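Residue numbers (our numbering): 821 to 1836.
Built from N, CA and C at the ideal position, the CB exists for glycine as well.
Quick caveat, the model's predicted, so the values are computed rather than measured.
Structure, as structure tokens:
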């Protein structure tokens, strides 16, 4: 399109479509790629507020002859959801469940609803949508229809095509209709009615008749044929089902507006049998024998290579621990109406195989929690294999081929032989073996001309191989650009011609997702990398030691899996959960950083570190570090954001919040001169409002209250002797800014508990700081100076190996993670990273054997700080609470929303509170009055207190210290906590008046100085 056409299209969409219309660089960059090897920046993005608005967007695009691409979760692995087109993202607003007919087991939905959310809404009917791909937490039903998604449960319920009753469709030229099974008399009626719909049905009838024998002969008779259009659904024996024929067409034929789905009962009981084998080929050989003797819900496979990668990455170790002996495994899940039924199915199979539940290569479970541990390892396949510990880049491209299950073992051997011939060193092989579907990621070299040529030769030979087995190029992920060019090798020229005729029937102008499936772009075209890719390699402050010391490699950790778009569980990604914006997901931000590095002639971000588009996407990143642990490939957006901010503002004035919040440790120390006056000023009417405006703080936020006596002042008043750093009982209690100047009772409580456990507490005698606030605001040079000074103060303890106990999780995480990345060559930083411990870690793992924590005997609602979740984990805290007889409900509700300086900064309050209301704040409100509310993070405690919960959270150290004194109050035990009191309104008014008087006096003096000639 010409710039004028693009501008006219944008204006028309804005004028006529009820939705968000975005043609800016940030939006285009966020949607430039998906989970595939391919990259095509879109013309623009439309986020319709209603299905009708989405249909209107298609109409406007048709008027401008602009290509259209429908998109849901954007997780496609074959390039289906990246195109130079107008992207219509249905996932933000078009998420309705319009009706449920529990008796008929059907429902009608809009295309943007996420599978897990749909099943959550169906749970009250004890029904579910059967297919469940591994992306179930964030894949949209519309995308599942477009891809003909499957997942492990397809063993029992079939592919998406097997669970579609009707579709409401829209063609590019405006024909709209509900379609489904169409008997001959109905077809005759439609054709007799004339018009566009009649021509479509007549054309479908002609294609089905003309190619009848070819379809029957040329379509593989296997459970996982996903490649090609579903022309077989138009056969007479299949009911001439137009809806099913359109499933899996990847948005190349029509736009799906609504769908009527078939539902299945939620299984009442399940059991899982895991069988160990010497290698993955032997496991494949045994699949036909298993299927002869059972009818499982799932039959999944996992190989030793994946298990090795998990061990090297330290991931899913609890899942591996419950697997039986072997170097590859088959996981056989059963469902039934009773526990006896599912257990009997498993034992019957063991008997038929000549195995026993007690064999070392057999594991059986009918415990749902244990089953999930086992299955989690298999479901994690894509994430684990996408970024192996040896830092090879692995890619899709031949990641979901399928063959008849009875020929699976031989196919695996031939495929491994092909890997060896192409010098692709033993990729992991896993997948849905019960249906002959094989998943893998292969270390293709997609950066050099020679590597791309080898990649092309490999996929061509692999296509010939799978066709020789009577299999399918794709058994789950579809064709898109990865396999569109290879379809002739599977189906032959005549059937591919029929595909072209179907495309021309629905989309004669080739405007619907062009270049995919029919008239496809080359398998080696439009690559995300490619031999012509020349990205920038900028110098950075962080060393990125786990990414070959490369910012570029750190950005490329994101492979588009999209777990950051999940709605519940874990922490990642709070800003996406609050906004439902791709640009505000970890993936969207990583895409924009990739575009910022350039390297392509059409890179949408052209101004590098100064990019406003990248800045705006990162602005709502809470820097919670949830992605560091929750992202399958370990993207650390908090670190990438800090690095970006350091360059973005280099040599420029920063936002005022970077000076007020970023330099908070300094202001906190200065507050010691007159803490009462400072508090009164921060809360004085008028003055506080002015101060917030000048400091860049949101007016809706209350400033934290400084303690009149800091922890360090209290500590010095104790007059304790300095313990010997080499004494094994000595520990350094880290005096973080928050536990020192705002909530010193926490640090005092920690001293008391550590004393009780027999430790000798030391506190640094000089001011120290971890540099957290400077890091989070991207003032990295200052952070490095602060850390260097701190290391000097701590040197005697570092040399002696003295443990350093952190109370504030975000500060402890700096020493464990940020500092080693910022100063990777500093040995003292490495020593500190090894010596720092959380309060709970030290008491659980290093307290004397005869010490027991005091009994609390209470229930508790516990919020884990995001940085602790990501870096230190919470296992030790759980154990310490267990030993203290605390019945702890550890929330899995995500981030609290405050996230350090984020929630205080102007413009962030709405998102901050929206994040809190997603789970944490409602959970605290629901806590019983006699229970404890525990949150070790200052941000979490502040958000809970300012979030209208009516509760105040304690640090675990405080709770244990209270228990040393005996019983806690029965109602709201947090009443025992000592917190700085807000200044009275009288003090506030007095301070405001004083400041006003001083200001007036100063103004008068200055005024007099300006008029020296005038006499008084």
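Do residue j and residue i count as a contact pair if the criterion is CB distance below 8 Å?
{"i": "residue 895", "j": "residue 855", "result": "yes"}
{"i": "residue 920", "j": "residue 889", "result": "no"}
{"i": "residue 899", "j": "residue 858", "result": "yes"}
{"i": "residue 1314", "j": "residue 1034", "result": "yes"}
{"i": "residue 1253", "j": "residue 1120", "result": "yes"}
{"i": "residue 1686", "j": "residue 1444", "result": "yes"}
{"i": "residue 1780", "j": "residue 1673", "result": "yes"}
{"i": "residue 1691", "j": "residue 1711", "result": "no"}
{"i": "residue 1571", "j": "residue 1592", "result": "no"}
{"i": "residue 1580", "j": "residue 1555", "result": "no"}
{"i": "residue 1329", "j": "residue 1097", "result": "no"}
{"i": "residue 1065", "j": "residue 1049", "result": "yes"}
{"i": "residue 1044", "j": "residue 1256", "result": "yes"}
{"i": "residue 965", "j": "residue 1067", "result": "yes"}
{"i": "residue 1696", "j": "residue 1661", "result": "yes"}
{"i": "residue 1520", "j": "residue 1729", "result": "yes"}
{"i": "residue 1868", "j": "residue 1187", "result": "Nothing can be reported for residue 1868: it is not among the residues displayed for the chain, which extend from 821 to 1836."}
Assuming the contact rule is C-beta atoms closer than 8 Å, residue i and residue j should be a hit. Round their C-beta distance to whole Å, please.
{"i": "residue 1144", "j": "residue 1094", "result": "6 Å"}
{"i": "residue 1589", "j": "residue 1606", "result": "5 Å"}
{"i": "residue 1047", "j": "residue 1292", "result": "5 Å"}
{"i": "residue 849", "j": "residue 1424", "result": "4 Å"}
{"i": "residue 1062", "j": "residue 1000", "result": "7 Å"}
{"i": "residue 1501", "j": "residue 1507", "result": "6 Å"}
{"i": "residue 1391", "j": "residue 1715", "result": "5 Å"}
{"i": "residue 1551", "j": "residue 1582", "result": "7 Å"}
{"i": "residue 1655", "j": "residue 1618", "result": "7 Å"}
So is residue i buried or exposed if we call it buried at 16+ other beta carbons inside 10 Å?
{"i": "residue 935", "result": "buried"}
{"i": "residue 1131", "result": "exposed"}
{"i": "residue 1795", "result": "exposed"}
{"i": "residue 1283", "result": "buried"}
{"i": "residue 1189", "result": "exposed"}
{"i": "residue 1473", "result": "exposed"}
{"i": "residue 1069", "result": "buried"}
{"i": "residue 1014", "result": "exposed"}
{"i": "residue 1137", "result": "exposed"}
{"i": "residue 823", "result": "exposed"}
{"i": "residue 1813", "result": "Confidence at residue 1813 is low in this model, with a pLDDT of 46, below 50, so the placement of that residue should be treated as unreliable; the coordinate-derived value is given next. With fewer than 16 Cβ atoms within 10 Å of its Cβ, residue 1813 is classed as exposed."}
{"i": "residue 1086", "result": "exposed"}
{"i": "residue 1346", "result": "buried"}
{"i": "residue 1564", "result": "buried"}
{"i": "residue 1538", "result": "exposed"}
{"i": "residue 1677", "result": "exposed"}
In the DSSP output, what is residue i paired with across the bridge?
{"i": "residue 1626", "result": "1658"}
{"i": "residue 1681", "result": "1709 and 1753"}
{"i": "residue 841", "result": "866"}
{"i": "residue 858", "result": "1347"}
{"i": "residue 1251", "result": "1121 and 1258"}
{"i": "residue 909", "result": "891"}
{"i": "residue 1332", "result": "888"}
{"i": "residue 1089", "result": "1156"}
{"i": "residue 952", "result": "971"}
{"i": "residue 1899", "result": "What is shown of the chain runs 821 to 1836, which leaves residue 1899 out entirely."}
{"i": "residue 1457", "result": "Answer is none; residue 1457 lacks a bridge partner."}
{"i": "residue 1151", "result": "1094 and 1120"}
{"i": "residue 934", "result": "960"}
Of all the CB atoms in chain B, is at least one closer than 8 Å to the CB of residue i?
{"i": "residue 1014", "result": "No chain B is part of this structure, which consists of one protein chain only."}
Cβ contact (3+ pairs, closer than 8 Å) linking the segment 1099-1117 and the segment 922-929:
Result no; under three Cβ-Cβ pairs closer than 8 Å.
Hey, is the segment 1420-1439 in contact with the segment 1765-1778, meaning 3+ C-beta pairs nearer than 8 Å?
At 8 Å Cβ cutoff, the stretches do not touch.
Stretch-stretch touch, CB-based, cutoff 8 Å, three pairs: the segment 1225-1232 with the segment 1259-1269:
Touching, no, given that fewer than three Cβ pairs across the two stretches are closer than 8 Å.
Per the contact definition of three or more C-beta pairs closer than 8 Å, is the segment 1458-1467 in contact with the segment 1365-1375?
Contact between the segment 1365-1375 and the segment 1458-1467 is established, with three or more Cβ pairs separated by less than 8 Å.
With three or more C-beta pairs closer than 8 Å as the rule, is the segment 1746-1758 touching the segment 1617-1630?
Result yes; three or more Cβ-Cβ pairs closer than 8 Å.
State whether the segment 1234-1242 contacts the segment 1469-1485, with contact taken as three or more CB pairs (one from each stretch) at a distance under 8 Å.
With a cut-off of 8 Å, the segment 1469-1485 and the segment 1234-1242 do not count as touching, because too few Cβ pairs lie within range.
Count the CB pairs spanning the segment 1486-1499 and the segment 1523-1537 that are closer than 8 Å, and state whether there are at least three.
By the Cβ test, the segment 1486-1499 is in contact with the segment 1523-1537, since at least three Cβ pairs between them sit closer than 8 Å.
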